[in-house]
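Notes follow once the structure below has been shown.
Chains as they are written, first to last, in the UniProt record's numbering: chain A, 1 to 220; chain B, 1 to 865.
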């Protein structure tokens with residue numbers, strides 16, 4: 001008991017658990033802005049559209065764990081839709097973003113939810129995020145409607161603003177709380193016992209323990 | 001005992017792991033002083049990325065060490081260390097006097113080392129706590145008085161060598177991670193009662209270790225004592241005790257994480273030697289399983305080593321006694337073997353000792369304070385000593401404490417306060433030693449530590465994101481425009497590294513994890529020049545694909561590759577060519593694909609082919625060869641490079657099923673009047689023709705380098721870039737023919753013939769069939785599909801006809817045609833046309849040429865002269 005202080009210090013030194021997180025949603029709903037706000041606490045107006053998939057990392061402290069988010073911010077344009085499975089495959093978390101001023105973007109978000117439910121890792125934790133609440137005057141999607149949809153599909157739900165920073169940290173913290181870490185650790189363990197497997201994509205999260213030494217990938 | 005068996009090891013290599021030792025990696029990090037420096041970006045970044053994980057650990061360790069003063073406070077602890085060789089006696093006297101003879105302050109911790117506590121024979125064989133308990137009781141009786149109470153933390157016995165640690169009751173809570181260990185010295189560690197026992201513990205947040213030893217006796221045995229010392233220093237190790245209630249911490253069931261442990265304890269050990277870290281990380285990576293970790297006595301912040309070290313004075317008994325009588329203790333030290341050996345740096349290197357001001361503690365007549373008067377008359381000596389060690393690279397306490405309450409005088413971790421012997425105890429032939437120390441131990445302010453640690457992690461994230469490669473591509477759309485089947489087209493894509501680290505990339509097209517490299521057969525990448533090349537076989541209609549540029553450790557970039565395909569006769573299989581008699585544009589491309597890929601024909605295709613006769617050889621090939629037979633037999637240099645404009649015209653005619661204007665090609669004059677020509681142009685619609693010409697132009701432009709033309713480049717560009725009408729092309733051709741005669745036309749036609757032959761996806765004579773049936777023309781002929789057989793026969797007839805004119809030798813013709821006709825089929829997954837012939841080995845080529853020559857003789861017997 002008297003050493004609890006020391007154990008706290010020990011906890012903060014723990015090996016972080018890697019969580020692969022993917023952002024999905026229609027073009028121009030603010031996916032990259034959400035990431036930028038989360039990672040660098042910055043905001044840029046009129047960001048260029050993402051062509052490809054941007055990769056960033058961010059560690060989060062959660063109780064006695066350190067979570068290292070490996071964030072794949074994907075392109076929202078429809079013509080890249082077919083490439084999305086590369087990014088959500090093996091993801092433990094997904095943030096599906098829509099724009100509260102554009103009802104069509106919620107419809108697109110719903111198709112993403114369906115696709116993930118059908119094709120992604122069954123344990124994936126999904127958050128539905130209505131972005132741009134700073135533009136609440138132009139709101140076209142009622143809070144209740146999206147919330148009801150999220151509840152129905154067992155999604156975390158937030159309305160947020162990358163511009164003002166409202167609720168951005170909360171999205172990631174709440175996701176972090178919901179992730180089944182025991183399974184991740186168990187998976188890691190299994191994979192560790194079979195080195196050489198899953199060595200292909202670095203989009204594949206869980207294999208990094210094996211090959212980080214070769215490919216220089218950080219494995220915090 | 002045979003002394004010769006001991007070879008002293010003066011190299012001390014084994015110490016390297018424990019001593020401050022600069023490795024390359026540390027060298028790299030040693031200059032790093034602020035958190036602004038990114039551990040992932042380094043002049044030698046490629047090397048560093050290999051050690052990505054190590055970089056990270058080192059960075060955190062380094063930063064924590066730098067930030068140490070901000071979260072560390074110091075606590076002063078008073079320590080009483082007593083050591084006594086009790087000569088096997090029972091503690092029948094009180095130890096109160098000895099243990100309470102401290103001069104400085106009331107001790108917080110008592111450390112008592114006894115030697116020869118148990119001299120019984122049984123002690124060697126069975127461990128017996130009886131004596132230990134007996135002494136323990138006596139010590140407790142001695143240290144506990146009315147106003148202070150001590151509790152035992154640990155004791156460890158090794159035969160007669162026993163060490164006890166007691167701490168004031170109220171301080172017990174700051175002691176943790178206690179472990180004990182012992183080691184025997186002498187032959188195989190079995191014989192003798194020499195060796196050491198030790199206790200290691202954490203006081204607040206510093207590791208402190210106490211080693212009690214009894215080294216070899218006898219004045220002459222200096223080497224043995226040195227050897228014993230090295231044995232103990234090397235082999236006395238303490239096991240790691242994982243913290244109990246930390247499930248996900250050090251011990252999470254997946255193996256002990258040494259790195260993490262290192263980071264955690266970096267501050268406590270104050271070891272900046274990355275050599276140690278390096279070893280640990282590497283070990284950890286090698287065997288991730290369960291491993292045991294042991295700590296040497298040097299893996300501590302503070303180390304005390306005391307006991308009967310048994311070093312004597314190098315002088316005779318009488319002289320020594322004389323010095324003692326005169327009170328010249330200091331002069332005696334000159335003869336002290338331990339000080340002499342220490343000066344040579346062979347034992348207790350980097351250990352400190354207080355100045356000896358007391359009389360030798362050995363050897364006394366029992367029950368007296370008189371030096372040995374027995375027959376042996378052993379010389380007095382300072383056998384019993386207390387040494388201490390601190391890591392040589394340790395910072396000064398003032399540099400560590402964030403409260404900065406340290407005065408200059410006690411700016412050392414260990415401050416000796418008293419060093420003396422205690423004469424009142426006479427039950428042994430040794431006198432006990434009293435020593436007092438003040439030591440500083442770290443107390444980590446966990447709140448501040450967590451805060452700083454979080455900041456560092458944030459900073460590290462920032463560095464890590466900053467070190468993500470930044471790759472820019474010149475364009476995310478690669479548009480090849482219109483391309484023709486079977487012609488390779490190249491576009492350059494500039495990939496630029498604008499980031500701060502080295503990186504690598506690959507182009508990926510497949511979603512399938514098993515295929516990481518390019519999987520579209522029609523595209524190839526030359527990374528050295530960053531070019532994309534597209535070659536289409538007769539299998540696709542249109543290209544609109546996304547290629548992913550994967551940057552190692554960085555973002556993925558999507559590149560759209562686009563192209564429209566304009567069909568051409570070249571590259572269409574012989575069978576298909578035999579089936580279509582109308583202009584290529586008459587048939588939907590889908591129908592051509594169905595025919596070529598031998599798929600089931602759609603209703604539409606069937607309808608189109610209805611009432612169409614199947615020709616025995618491709619009609620267009622017939623047109624070309626017929627022209628050569630009629631007008632080329634009187635030329636010697638038929639197979640030279642043709643003229644690009646004439647070729648374009650011929651291709652245009654062939655693709656659109658328009659009769660070739662022989663008058664134009666042979667004599668430079670149009671057989672039809674200009675007015676008719678104009679009307680023809682109008683009929684076929686000027687626009688479409690222009691666009692057709694322009695598409696051919698583009699095609700030619702792209703394949704320009706494949707066809708070295710005799711035309712000057714400027715002239716070419718003029719024609720290629722302006723959209724000439726058919727009329728203008730004809731005028732141009734007329735000029736050429738008028739100037740140069742018909743040879744350019746013949747050459748062009750011959751070149752188109754060769755192009756036809758080379759670009760049939762399946763060769764006229766596929767190599768596999770040749771290999772099986774190729775020994776005789778007749779067998780080969782009957783093995784080939786009929787249109788192939790007919791074509792082969794027709795070409796051989798043409799060759800025979802040419803030979804008969806005796807302008808071109810047979811061997812030259814064979815060389816020209818053999819490998820165009822008999823070759824492996826083109827597999828577009830394999831490579832482009834240029835490489836087809838080169839895939840045939842020289843010996844294969846020779847074989848093919850010999851066979852082909854025989855076929856000619858078989859079909860057209862050489863005239864007998």
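Backbone N, C-alpha and C fix where the C-beta goes; we use that ideal spot for every residue, glycine too.
Per DSSP, residue i forms a beta bridge with which residues?
| i | result |
| --- | --- |
| residue 155 of chain B | B:164 |
| residue 70 of chain A | A:20, A:57 |
| residue 209 of chain B | B:200, B:303 |
| residue 40 of chain A | In DSSP, residue 40 of chain A forms no bridge with anything. |
| residue 62 of chain A | A:65 |
Please report the distance separating the alpha-carbon of residue i from that of residue j.
| i | j | result |
| --- | --- | --- |
| residue 413 of chain B | residue 375 of chain B | 46 Å |
| residue 804 of chain B | residue 855 of chain B | 16 Å |
| residue 847 of chain B | residue 609 of chain B | 40 Å |
| residue 171 of chain B | residue 100 of chain B | 19 Å |
| residue 546 of chain B | residue 83 of chain A | 9 Å |
| residue 381 of chain B | residue 148 of chain B | 35 Å |
| residue 79 of chain A | residue 664 of chain B | 51 Å |
| residue 355 of chain B | residue 400 of chain B | 28 Å |
| residue 807 of chain B | residue 814 of chain B | 14 Å |
| residue 225 of chain B | residue 339 of chain B | 13 Å |
| residue 630 of chain B | residue 774 of chain B | 30 Å |
| residue 797 of chain B | residue 626 of chain B | 11 Å |
| residue 314 of chain B | residue 118 of chain B | 29 Å |
| residue 781 of chain B | residue 852 of chain B | 12 Å |
| residue 161 of chain B | residue 172 of chain A | 59 Å |
| residue 498 of chain B | residue 464 of chain B | 16 Å |
| residue 310 of chain B | residue 184 of chain B | 16 Å |
| residue 63 of chain B | residue 72 of chain B | 14 Å |
| residue 200 of chain B | residue 152 of chain A | 59 Å |
| residue 612 of chain B | residue 634 of chain B | 36 Å |
| residue 3 of chain B | residue 182 of chain B | Confidence in residue 3 of chain B is poor, its pLDDT being 39 and thus under 50, which makes the residue's placement unreliable; the coordinate value appears in the next sentence. In a straight line, the C-alpha of residue 3 of chain B is about 24 Å away from that of residue 182 of chain B. |
| residue 178 of chain A | residue 94 of chain A | 12 Å |
| residue 618 of chain B | residue 23 of chain A | 56 Å |
| residue 39 of chain A | residue 102 of chain B | 59 Å |
Assuming residue i and residue j are in contact, meaning their beta carbons sit under 8 Å apart, how far apart are those beta carbons, in whole angstroms?
| i | j | result |
| --- | --- | --- |
| residue 793 of chain B | residue 859 of chain B | 7 Å |
| residue 176 of chain B | residue 442 of chain B | Going by Cβ atoms, the distance from residue 176 of chain B to residue 442 of chain B rounds to 13 Å, so no, they are not a contact pair. |
| residue 229 of chain B | residue 348 of chain B | 7 Å |
| residue 233 of chain B | residue 297 of chain B | 6 Å |
| residue 88 of chain B | residue 116 of chain B | 5 Å |
| residue 59 of chain B | residue 432 of chain B | Between residue 432 of chain B and residue 59 of chain B the Cβ distance is about 50 Å, and since that is not below 8 Å, they are no contact. |
| residue 25 of chain A | residue 96 of chain A | 6 Å |
| residue 17 of chain A | residue 65 of chain A | 6 Å |
| residue 366 of chain B | residue 426 of chain B | 7 Å |
| residue 430 of chain B | residue 308 of chain B | 7 Å |
| residue 615 of chain B | residue 578 of chain B | 5 Å |
Across the stretch 54–74 of chain A and the stretch 544–556 of chain B, are there enough close Cβ pairs to call them in contact, namely three or more that are closer than 8 Å? yes
Completely contained beta strand (DSSP E) runs for the stretch 80–147 of chain A, where each covers 3 or more residues: 93–99, 125–131
Of all the beta strand (DSSP E) runs that stay within the bounds of the stretch 575–643 of chain B, which reach a length of 3 or more residues?
none
*What are the uninterrupted segments assigned as beta strand (DSSP E) that are 3 or more residues long and contained completely in the stretch 377–454 of chain B, given in chain order?*
384–390, 414–421, 433–444
- [ ] Pair every Cβ in the stretch 150–164 of chain A with every Cβ in the stretch 68–75 of chain A, then say whether three or more of these pairs are closer than 8 Å.
- [x] no
**Item:** Inter-stretch contact (C-beta, 8 Å, three-pair minimum) for the stretch 66–82 of chain B and the stretch 441–455 of chain B
**Value:** yes
Next on the checklist: I'd like the ranges of any alpha helix (DSSP H) spanning at least 4 consecutive residues and lying wholly in the stretch 288–363 of chain B.
Outcome noted: 317–325, 329–332, 337–343
Is it a yes or a no for the stretch 750–761 of chain B touching the stretch 810–823 of chain B, going by three-plus beta-carbon pairs under 8 Å?
Taking a cut-off of 8 Å on C-beta distances, the stretch 750–761 of chain B touches the stretch 810–823 of chain B, as three or more cross pairs fall below it.
Practice task
Could I get the ranges of all uninterrupted beta strand (DSSP E) runs contained in the stretch 84–150 of chain B, with 3 residues as the minimum, in chain order?
Solution key: Under the rule that a run must span 3 or more residues, the beta strand (DSSP E) segments found entirely inside the stretch 84–150 of chain B read 109–115.
Meets three-Cβ-pair contact criterion under 8 Å: the stretch 81–100 of chain B and the stretch 465–478 of chain B: no
(message) Check whether the stretch 145–153 of chain A and the stretch 124–135 of chain A are in contact - that is, three or more C-beta pairs closer than 8 Å.
(response) yes
Pair every Cβ in the stretch 568–576 of chain B with every Cβ in the stretch 588–602 of chain B, then say whether three or more of these pairs are closer than 8 Å.
yes
Q) Should the stretch 27–37 of chain A be called in touch with the stretch 418–438 of chain B, which here means at least 3 C-beta pairs below 8 Å? A) Taking one beta carbon from each stretch, the stretch 27–37 of chain A and the stretch 418–438 of chain B have fewer than 3 pairs nearer than 8 Å; the two do not touch.
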